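Some notes on the structure that comes next.
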Amino acid sequence: MLPGRYLPIFIALLLGTIAVPARAATIRITMQDLVFAPAEVSTRVGDTIEWINKDVFAHTATARNGDFDVTMPPKKTVPSVLKKAGTVEYYCRYHPNMKAVLKIEP
Amino acid sequence: MFVRLSAAIAALSLLGSAALAQGAKPTDPQIAHIAYTAGVIDIAAAKQAVTKASNKDVKAFAQDMVRDHEAVNKQALDLVKKLKVTPEDNDTSKTLSKQAADKLAELAKLKGAEYDKAYVANEVAYHKAVNGALETQLIPSASNAELKSLLQTGLKIFQGHQQHAEHVAAGLK
Chain A
148 MLPGRYLPIF
158 IALLLGTIAV
168 PARAATIRIT
178 MQDLVFAPAE
188 VSTRVGDTIE
198 WINKDVFAHT
208 ATARNGDFDV
218 TMPPKKTVPS
228 VLKKAGTVEY
238 YCRYHPNMKA
248 VLKIEP
Chain B
42 MFVRLSAAIA
52 ALSLLGSAAL
62 AQGAKPTDPQ
72 IAHIAYTAGV
82 IDIAAAKQAV
92 TKASNKDVKA
102 FAQDMVRDHE
112 AVNKQALDLV
122 KKLKVTPEDN
132 DTSKTLSKQA
142 ADKLAELAKL
152 KGAEYDKAYV
162 ANEVAYHKAV
172 NGALETQLIP
182 SASNAELKSL
192 LQTGLKIFQG
202 HQQHAEHVAA
212 GLK
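Protein sequence lines correspond, in order, to chains A and B.
Take the position in the first sequence, starting the count at 1, then add 147; the result is the number in our numbering.
Take the position in the second sequence, starting the count at 1, then add 41; the result is the number in our numbering.
If you want it as structure tokens, here you go:
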């Protein structure tokens, strides 16, 4: 049997594993010198992406499959919430060399 | 069809030899002036294209050119102000401006798909020439670190423009 003093820890661990996936996270993706960083990010549906544009150029984060299209004015941060699961390649419509991937778990 | 290269491009390729002929590399105030002038030229061509282009990809590309080149030139103006450098007019800048004006007049006479093709072909060639000048002449000659860094950012974005223009050109055939 589980000794009494370990019980609260056990419950905390149990609750922890349930609580973590349910909480939406905020993930920062930066655009600097015409590069998305990090280039690959794992997220979940419901998470918020903070798109931080450090360049003097306007950028977009445009999903190739059409799931999202966010426009970031120069030196601005724009939040967006992920609504659909999937591995989504995205790029900047203004600078098509800028490419990255979002892995969105359900 | 045979596409004539813009005279402005010829001027840019002369940049190296002209500077060498004087036995000196361009100074920072001259480099700033040349880079700014090259931007102004592309903005003028793009503004013409925004009104004249009939293909939507060509029009969108032109809008990108206005947005990016204005952003780079604003950075350049802020930098020369900060560094208290007065951009210095020079023969390369003068030749560039004169020949770009001729090219603009030539493009103004074209219409429809013919205009679209000529504009995009010129953008490919022009960015190629500007990038070549930046890489081999302007960036190596720049002595101020911030100016050099701005030129490097410019090179990166203009290489993207060149590829973008090539992509649009391929779509027009």
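The beta carbon of each residue, even a glycine, is placed where N, CA and C say it ideally should be.
Note that the structure is a prediction, hence the values are computed from the model and not measured.
> When you compare only the Cα positions, how much space is there between residue 237 (chain A) and residue 122 (chain B)?
Replying inline: Locating residue 237 (chain A) in the first sequence gives position 90, where the first residue counts as 1. Locating residue 122 (chain B) in the second sequence gives position 81, where the first residue counts as 1. Cα to Cα, the separation comes out at about 37 Å.
> Is it buried or exposed for residue 212 (chain A), if we count other Cβ within 10 angstroms and need 16 for buried?
Replying inline: The residue you call residue 212 (chain A) lines up with position 65 of the first sequence. The residue is exposed, with fewer than 16 neighbouring Cβ atoms inside 10 Å.
> So which residues of chain A does residue 205 (chain B) contact, with C-beta pairs closer than 7 Å?
Replying inline: Locating residue 205 (chain B) in the second sequence gives position 164, counting from the first residue. Near residue 205 (chain B) (Cβ distances below 7 Å), the residues of chain A are 243.
> With 16 as the cutoff for other CB atoms within 10 Å, does residue 92 (chain B) come out buried or exposed?
Replying inline: By 1-based counting over the second sequence, the position of residue 92 (chain B) is 51. Within 10 angstroms of the beta-carbon of residue 92 (chain B) lie fewer than 16 other beta-carbons, which makes it exposed.
> Roughly how many whole angstroms lie between the Cα atoms of residue 44 (chain B) and residue 159 (chain B)?
Replying inline: Position 3 of the second sequence, counted from the first residue, corresponds to residue 44 (chain B). Position 118 of the second sequence, counted from the first residue, corresponds to residue 159 (chain B). With a pLDDT of only 43 at residue 44 (chain B), under 50, the local geometry of the prediction cannot be trusted, and the value read off the model is given with reservation. Rounded to the nearest angstrom, the two C-alpha atoms are 7 Å apart.
> Which two residues bound the contiguous alpha helix (DSSP H) that contains residue 193 (chain B)?
Replying inline: Translated into positions along the second sequence, residue 193 (chain B) becomes position 152. Start and end: 186–213.
> For the segment 197–223 of chain A, which residues have a CB atom closer than 7 Å to at least one CB atom of chain B, in sequence order?
Replying inline: Within the segment 197–223 of chain A, the residues whose Cβ lies closer than 7 Å to some Cβ of chain B are 203, 204, 205, 221, listed in chain order.
>> Distance check for residue 69 (chain B) and residue 208 (chain B), CA to CA, integer angstroms please.
In response: The count along the second sequence starts at 1 and reaches residue 208 (chain B) at position 167. The count along the second sequence starts at 1 and reaches residue 69 (chain B) at position 28. Their Cα atoms are separated by approximately 34 Å.
> If the cut is a Cβ gap below 8 Å, which residues of chain A does residue 198 (chain B) touch?
Replying inline: As a position in the second sequence, residue 198 (chain B) is number 157, starting the count at 1. The answer, in chain order, is 181, 204, 242.
> Quick one: what does DSSP say residue 183 (chain A) is sitting in, helix, strand or coil?
Replying inline: Here residue 183 (chain A) is taken as the residue at index 36 of the first sequence, counted from 1. Residue 183 (chain A) falls in the strand class under three-state DSSP.
>> If we define contact as Cβ-Cβ less than 8 Å, is residue 140 (chain B) a contact residue for chain A?
In response: The count along the second sequence starts at 1 and reaches residue 140 (chain B) at position 99. For residue 140 (chain B), the answer is no, since every Cβ of chain A falls outside 8 Å of its Cβ.
> Would you call the segment 122–132 of chain B and the segment 142–157 of chain B touching, i.e. three or more CB-CB distances under 8 Å?
Replying inline: no
>> I'd like the ranges of any alpha helix (DSSP H) spanning at least 4 consecutive residues and lying wholly in the segment 110–157 of chain B.
In response: Runs found: 132–149.
>> Please tell me whether residue 76 (chain B) has its Cβ less than 8 Å away from any Cβ of chain E.
In response: In the displayed structure, chain E is absent; the protein chains listed are A and B.
> What is the residue span of the beta strand (DSSP E) that residue 74 (chain B) lies within?
Replying inline: If you number the second sequence from 1, residue 74 (chain B) lands on position 33. Careful: residue 74 (chain B) lies outside any beta strand (DSSP E), inside the alpha helix (DSSP H) at 69–93.
> Looking at chain A, which residues of the segment 111–122 of chain B have a Cβ within less than 8 Å of any of its Cβ atoms?
Replying inline: Taking 8 Å as the Cβ-Cβ cut-off against chain A, the residues of the segment 111–122 of chain B that qualify are 112, 113, 115, 116.
> Since residue 237 (chain A) sits in a beta bridge, which residues does DSSP pair it with?
Replying inline: Position 90 of the first sequence, counted from the first residue, corresponds to residue 237 (chain A). A:210, A:247.
> How about residue 173 (chain B): is its C-beta nearer than 8 Å to some C-beta of chain A?
Replying inline: Within the second sequence, the letter at position 132 stands for residue 173 (chain B). Not closer than 8 Å to any Cβ of chain A, the Cβ of residue 173 (chain B) fails to qualify, so no.
>> Here's the rule I'm using: 16 or more other beta-carbon atoms within 10 Å means buried, otherwise exposed. How should residue 67 (chain B) be labelled?
In response: Here the question's residue 67 (chain B) lines up with position 26 in the second sequence. Its Cβ being crowded by 16 or more others within 10 Å, residue 67 (chain B) is buried.
> Taking C-alpha atoms, which residue in B:177, B:77, B:71, B:176 lies nearest to residue 119 (chain B)?
Replying inline: To locate residue 119 (chain B), count along the second sequence from 1; it is residue 78. Per the Cα distances, B:77.
> Out of curiosity, what's the CA-to-CA distance linking residue 148 (chain B) and residue 191 (chain A)?
Replying inline: Residue numbering aside, residue 148 (chain B) sits at position 107 when the second sequence is read from its first letter. Residue numbering aside, residue 191 (chain A) sits at position 44 when the first sequence is read from its first letter. In this structure, the alpha-carbon of residue 148 (chain B) lies about 51 Å from that of residue 191 (chain A).
> Run through DSSP, which three-state label would residue 171 (chain B) get?
Replying inline: Taking the first residue of the second sequence as position 1, residue 171 (chain B) is located at position 130. Judged by DSSP in its simplified three-state form, residue 171 (chain B) adopts helix.
> Below 8 Å, can you find three or more Cβ-Cβ pairs linking the segment 198–213 of chain B to the segment 165–183 of chain B?
Replying inline: The segment 198–213 of chain B is in contact with the segment 165–183 of chain B.
> When the Cα of residue 133 (chain B) is compared with those of B:213, B:72, B:100, B:162, which residue comes out closest?
Replying inline: Mapped onto the second sequence, residue 133 (chain B) falls at position 92. Selected option, being the one with the closest Cα: B:72.
> Tell me the DSSP bridge mates of residue 216 (chain A)?
Replying inline: If you number the first sequence from 1, residue 216 (chain A) lands on position 69. Beta-bridge partners assigned by DSSP to residue 216 (chain A): A:209.
>> To the nearest angstrom, how far is the alpha carbon of residue 225 (chain A) from that of residue 172 (chain A)?
In response: For this step, residue 225 (chain A) is matched to residue 78 along the first sequence. For this step, residue 172 (chain A) is matched to residue 25 along the first sequence. So the alpha carbons of these two residues sit roughly 15 Å apart.
> Short check: CB of residue 203 (chain A) to CB of residue 116 (chain B), under 8 Å?
Replying inline: Residue numbering aside, residue 203 (chain A) sits at position 56 when the first sequence is read from its first letter. Residue numbering aside, residue 116 (chain B) sits at position 75 when the second sequence is read from its first letter. Yes, the pair counts as a contact, with Cβ atoms nearer than the cut-off.
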